[in-house]
Each structure stands twice: as C-alpha cells, then as structure tokens.
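For reference, the structure is listed below as structure tokens.
Below, the structure is given as structure tokens:
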C-alpha cells in the first residue's frame with residue numbers, strides 16, 4: 293500500500309466544470325509535489341510546497357490552482373481545463389528536498405480525462 | 012530539452028539473468044541520481060539512489076553505477092525476477108526540490 297493517498301483514482305470532467313484532486317500523507321514529510329504525466333512520457337513537475345508554502349510553480353496555467361491546507365494535505369483545483377490537460381496527475385511527498393535520504397514517495401495518481 | 016535520457020524504451024531478459032538499464036544526462040550540475048520503478052495503475056516507487064560523490068551503490072539485487080565523466084549511470088538487476096517486470100525511470104536532481112526524469116524503460120522478464 294502506498295503511503296501517499298490520492299483521490300479520486302479516475303475523474304472525467306467537462307471543460308466548464310470545476311473539480312479538485314486530493315492528496316494526503318501521514319509520514320511527517322515537509323514537502324509535497326504535484327506532477328503531471330502523459331502517456332509514454334516522464335513525469336513533469338508542476339508545483340512544490342515546502343512547509344505548507346508554495347515554493348515552486350513551473351509556469352503552470354492558472355486553470356490549475358494548488359492548495360496546501362496543512363502539512364498532510366495537498367489539493368489541486370481544476371477549472372476550465374482543456375482536452376490536452378488529460379493525463380495522470382501524481383502527488384508526491386518527501387522528508388525535505390530531493391537530496392540523499394529524502395526520495396520522493398508517490399501516490400498512485402488520478403487519471404484525469406477532460407471531455 | 013530533455014536533460015535525462017533513457018535511450019532504450021524496452022528491455023527483455025530471461026529470468027535469472029542480469030538486467031542492465033542505462034541512463035545518460037546532460038546537466039553537469041546534477042549531483043543526486045535515483046531510479047524509480049512503476050507498475051501499471053500505480054505511482055512510481057523509489058528503488059535506489061546514488062550521490063555524485065560515489066560511483067556505486069548496492070541494495071540487494073539492485074546496483075547503480077555512476078560515471079560522472081561520461082555523464083552516464085546504469086542500473087543492474089541480478090538475478091532478474093518476474094516481479095521486476097515494470098517501467099523503470101531514471102531521475103536526477105541539481106536543486107533541492109526538482110527532479111528531472113527520463114522517459115522510462117519497460118523491462119519484461121521472461122520465465
């Protein structure tokens with residue numbers, strides 16, 4: 293069982309919908325991440341929260357809005373998405389940064405389809 | 012521009028034999044390297060890592076080798092087992108929070 297839990301596992305939404313992806317970890321990790329992965333491609337970093345503050349935004353369009361309510365929870369709010377945003381969205385956490393002894397732990401992802 | 016490259020999209024190996032996965036990188040500032048394993052419908056799972064101050068790290072059946080001068084690392088799995096069939100991602104970091112991933116190599120272990 294993964295220690296990073298993501299809900300829902302699958303999500304289908306229209307381009308005018310508003311939805312949210314949720315992520316939870318109880319490992320006491322201080323950094324949480326959102327990645328996007330398209331088929332046959334590597335995961336691409338979207339956002340990083342460190343100590344509940346947004347520290348990295350990789351020039352992600354504003355239709356994706358992250359939120360970190362507390363150190364264990366990470367949300368990704370979706371609004372007015374495009375069909376090309378369909379992908380696997382992965383949440384991850386780490387003890388601190390990505391250095392030695394602090395590998396990323398990934399959830400199983402949310403498979404998002406935008407119609 | 013892809014800074015981490017896995018040029019072999021797939022690898023097929025017989026059970027009990029050695030699997031060798033290769034990874035090349037272009038950014039000389041990378042100082043920490045990892046391998047992740049991914050099964051279908053699951054997220055990537057951390058496998059093994061190596062710091063740039065080392066040239067080898069071993070954990071059970073898995074060994075990672077780093078050649079900094081060639082900007083090349085490899086993952087050796089020996090002996091290969093059917094449960095090792097998965098997609099393997101190489102990743103590298105030069106920043107506290109950013110990982111660059113390769114495109115992945117699909118390993119199939121034949122019985």
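Residue numbers (the numbering used here), protein chains in the order written: chain A, 293 to 407; chain B, 12 to 122. Cβ coordinates follow ideal geometry from the N, Cα and C atoms, glycine included. Since we're looking at a predicted model, the values are computed, not measured.
Identification of chain B residues near residue 390 of chain A by a Cβ-Cβ cut-off of 9 Å yields 43, 45, 102, 104, 106, 107, 108, 109 and 110, ordered along the chain.
For residue 323 of chain A, DSSP records a beta bridge to A/342 and A/386. Scanning chain B for C-beta atoms nearer than 9 Å to the C-beta of residue 396 of chain A yields 45, 47, 55, 57, 102 and 110, reported in chain order. With a cut-off of 8 Å on Cβ pairs, the segment 318-331 of chain A is not in contact with the segment 300-308 of chain A, counting fewer than three such pairs. Here the C-alpha atom of residue 363 of chain A lies approximately 13 Å from the C-alpha atom of residue 314 of chain A. Around residue 342 of chain A, the beta-carbon contacts reaching into chain B at under 9 Å are 107 and 108.
Interface annotation for the segment 59-73 of chain B against chain A: 60 and 62, criterion Cβ-Cβ distance under 8 Å. In the structure shown, the three-state DSSP call for residue 358 of chain A is strand.
Three or more beta-carbon pairs separated by less than 8 Å are not found between the segment 87-98 of chain B and the segment 391-404 of chain A, which leaves the two stretches without contact. Chain B has a Cβ within less than 7 Å of the Cβ of residue 382 of chain A. Remark: C-beta atoms of residue 75 of chain B and residue 86 of chain B approach each other more closely than 7 Å. Within the model, the alpha-carbon separation for residue 43 of chain B versus residue 326 of chain A is close to 20 Å.
Secondary structure note for residue 89 of chain B: it is in no beta strand (DSSP E), with a DSSP letter that is neither H nor E.
The criterion of a C-beta distance shorter than 7 Å is not satisfied by residue 17 of chain B and residue 37 of chain B. In the DSSP annotation of this structure, the continuous segment of the beta strand (DSSP E) that includes residue 305 of chain A starts and ends at 302-305. DSSP places residue 22 of chain B in the uninterrupted beta strand (DSSP E) bounded by 21-25. Taking the Cα positions, residue 68 of chain B is about 6 Å away from residue 61 of chain B. One finds nothing in chain B with a Cβ atom closer than 7 Å to the Cβ of residue 306 of chain A; even the nearest lies about 24 Å away. Under the Cβ criterion of 7 Å, residue 114 of chain B is counted among the residues facing chain A. Between the C-alpha atoms of residue 351 of chain A and residue 121 of chain B there is a straight-line separation of about 43 Å. Note that the C-beta distance between residue 84 of chain B and residue 34 of chain B is below 7 Å. Taking a Cβ-Cβ threshold of 8 Å, the residues of chain A close to residue 52 of chain B are 400, in chain order. Annotation for residue 367 of chain A: 312, 314 and 359 place their beta carbon closer than 6 Å to its own, counting only its chain and skipping 5 residues before and after. Take the alpha-carbon of residue 50 of chain B and the one of residue 117 of chain B: they are about 10 Å apart.
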